[in-house]
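Working notes for the structure below.
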DNA sequence: GCGACAG
DNA sequence: ATCTTGTCGC
């Protein structure tokens with residue numbers, strides 16, 4: 046897909062903060078998505094002691110979840126891992142990988158938070174705004190927020206709260222397994238996000254999209 | 001000031 | 001994220 050560069054990639058935290066402040070106002074948390082035919086998953090990883098960032102994209106058909114296309118990209122790492130600024134470390138390589146695929150996904154599931162972020166601008170929001178494509182954040186662990194115990198059955202969830210607002214959902218995708226943290230990325234509401242995450246997790250805790258991207262990036 | 005802290 | 005084997009439990 047064609048990628049339009051909205052801003053240069055920052056090398057300092059100060060520059061990153063400025064970009065977050067500028068782009069966060071563009072995030073849309075309402076449903077503005079087309080019928081989903083293709084769902085993509087993106088994943089970032091590191092090699093050579095972290096000096097190289099590796100990203101993988103897997104595009105699956107929906108709702109069959111069969112792999113349709115894949116791509117991998119590597120580029121030198123230019124930003125450190127700082128909680129709250131993960132996107133500046135991983136998105137550059139993710140865009141490189143997305144540029145290689147022919148199918149434009151109708152929805153992208155990201156490995157990390159959406160608006161369940163201190164400034165409501167997690168990696169899923171950042172990627173969604175840069176591409177203007179609907180995105181959802183699906184994280185394996187908590188960044189911010191509090192929540193009540195989630196019943197043990199698949200499909201059960203509890204709102205993730207922060208400063209008086211619901212910023213996401215703690216969702217059980219498999220009975221008896223740790224829940225995942227779901228939040229709107231861009232152009233997708235929370236209830237719709239929960240629905241898609243459940244439809245992308247027919248068998249395992251994590252969505253098939255991210256599992257594919259993970260597998261491709263590792264091998 | 002003291003912890004918490006996506007990947 | 002990454003370094004890493006076997007092991008507990010359904």
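Residue numbers (the numbering used here): 46 to 264.
Yeah, the Cβ is synthetic: ideal placement off N, Cα and C, and Gly gets one too.
Fair warning: this is a prediction, and the values are worked out from it, not measured in the lab.
- Query: With which residues is residue 191 paired in a DSSP beta bridge?
  - Reply: Here residue 191 is bridged, per DSSP, to 206.
- Item | DSSP-derived helix/strand/coil call for residue 78 | coil
- Query: Going by beta carbon distance, what residues of the same chain come within less than 7 Å of residue 79, once the five residues before and after it are set aside?
  - Reply: 151
- Query: How would you write the range of the alpha helix (DSSP H) that residue 113 sits in, first residue to last?
  - Reply: No alpha helix (DSSP H) holds residue 113; the beta strand (DSSP E) holding it covers 112-121.
- Segments assigned beta strand (DSSP E), at least 3 residues, entirely inside the segment 148-182: For the beta strand (DSSP E) assignment, the uninterrupted runs of no fewer than 3 residues enclosed by the segment 148-182 are, from N- to C-terminal side, 152-156.
- Task: Name the one or two DSSP bridge partners that residue 88 has.
- Result: 101
- Short Cβ contact (7 Å threshold) for residue 242 with residue 217: no
- Query: Are the beta-carbon atoms of residue 252 and residue 188 separated by less than 7 Å?
  - Reply: no
- Message: Quick check on residue 251: does DSSP put it in helix, strand or coil?
- Response: If DSSP states are grouped into helix, strand and coil, residue 251 belongs with coil.
- Contacts around residue 166, its chain only, beta-carbon distance under 6 Å, and the 5 residues preceding and following it disregarded: 65, 69
- Task: Below 8 Å on the Cβ atoms is my guess for residue 89 versus residue 138; work out the distance and round it to an integer in Å.
- Result: 6 Å
- Query: Can you give the beta carbon distance from residue 76 to residue 234, rounded, assuming they're within the 8 Å contact cut?
  - Reply: That belief holds up - the Cβ atoms of residue 76 and residue 234 are roughly 5 Å apart, short of 8 Å.
- Item | Residue burial classification, residue 135 (beta-carbon count within 10 angstroms, cutoff 16) | Residue 135 counts as buried, since no fewer than 16 other beta carbons sit within 10 angstroms of its beta carbon.
- Message: Less than 8 Å between C-beta atoms, sequence neighbours within five positions excluded: which residues of the same chain meet that for residue 237?
- Response: 76, 78
- Item | Straight-line gap, residue 130 to residue 122 (C-alpha atoms, nearest Å) | 14 Å
- Item | Proximity winner among 113, 210, 133, 144, relative to residue 82 (alpha-carbon distances) | 113
- If residue 71 and residue 174 are in contact, beta carbons under 8 Å, what's the gap, nearest whole angstrom? 5 Å
- Could you please give me the residues that DSSP links to residue 211 through a beta bridge? 206
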